[in-house]
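Engineer: Here it is: the structure, laid out below.
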Amino acid sequence: MTKTKIAHESFQIEKVYNHSPELVFLAWASSEAKSHWFIGPKDWVLIHRELDFKVGGKEILHGNFGGTLETLYTAHFHDIRPKERIVFDYDMHMNQRIYSSSIATIEIEEIGPKQTKLVFSEQVAFLDGTPGDEGVASRRQGTMDHLNKIIEFLKKQEEGKLV
Numbered sequence: 005m006t007k008t009k010i011a012h013e014s015f016q017i018e019k020v021y022n023h024s025p026e027l028v029f030l031a032w033a034s035s036e037a038k039s040h041w042f043i044g045p046k047d048w049v050l051i052h053r054e055l056d057f058k059v060g061g062k063e064i065l066h067g068n069f070g071g072t073l074e075t076l077y078t079a080h081f082h083d084i085r086p087k088e089r090i091v092f093d094y095d096m097h098m099n100q101r102i103y104s105s106s107i108a109t110i111e112i113e114e115i116g117p118k119q120t121k122l123v124f125s126e127q128v129a130f131l132d133g134t135p136g137d138e139g140v141a142s143r144r145q146g147t148m149d150h151l152n153k154i155i156e157f158l159k160k161q162e163e164g165k166l167v
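Residues 5 to 167 (our numbering) are what the sequence shown spells out, left to right.
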């Protein structure tokens, strides 16, 4: 039997949002809010979404890319402090096979009037033989895309343009 190598990586991203810590936190805490920014790329189609945002709760995001790649994100929340931090672990499956397992933290800090710094940190193990440098580059980019979508979501929410 061939042994599959596990690649361990970590990364951190800092973003500043021109919104209060309450609104930034709400973007993560509300299923309705998250449905606007925690989505796959344009070819991705949602199959199922679930969010039980509490310590011990879970989140599921299940989707498909054009019938060829099915993705399943399952997370569990370990520590939640409103307007301060979120700690969770999550697994990514691709076509019913485990791809990676991670622990992530989100730190939220008010740095000025209507200015909030968010620090996203993740430690990830790629379990399918993916080289660590390739896997973490893709994961970092995907996370950055989501964090940028939060900017768009908060702006639309502020302008009252959410459908």
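Just so you know, even glycine gets a beta-carbon here, dropped at the ideal spot from N, CA and C.
None of these values were measured; they are calculated from a predicted model.
1) Within 10 angstroms of the Cβ of Thr134, are there 16 or more other Cβ atoms? Answer buried if so, exposed if not.
2) Nearest by alpha-carbon distance to His59: which of Leu151, Tyr21, Ile90 is it?
3) DSSP three-state call for Leu76: helix, strand or coil?
4) Based on Cα-Cα distance, which residue from Ile154, Asp95, Gly71 lies nearest to Thr120?
5) Considering only residues of the same chain and omitting the five flanking positions on each side of Trp41, which have a CB-CB separation below 8 Å?
6) Could you check which residue in Leu65, Val49, Lys9 has the C-alpha nearest to that of Ser35?
7) I'd like to check one pair, Gly136 with Ala11: are the Cβ atoms closer than 7 Å?
8) Which residue's Cα is closest to the Cα of Phe81: Leu131, Arg143, Ile110, Ile17?
Structural biologist: In this structure, then:
1) buried
2) Here residue 59 turns out to be Val, not His, going by the sequence shown. For the residues Leu151, Tyr21, Ile90, the minimum Cα distance to Val59 belongs to Ile90.
3) strand
4) Ile154
5) Ala31, His150, Lys153, Ile154, Glu156, Phe157
6) Leu65
7) yes
8) Ile110
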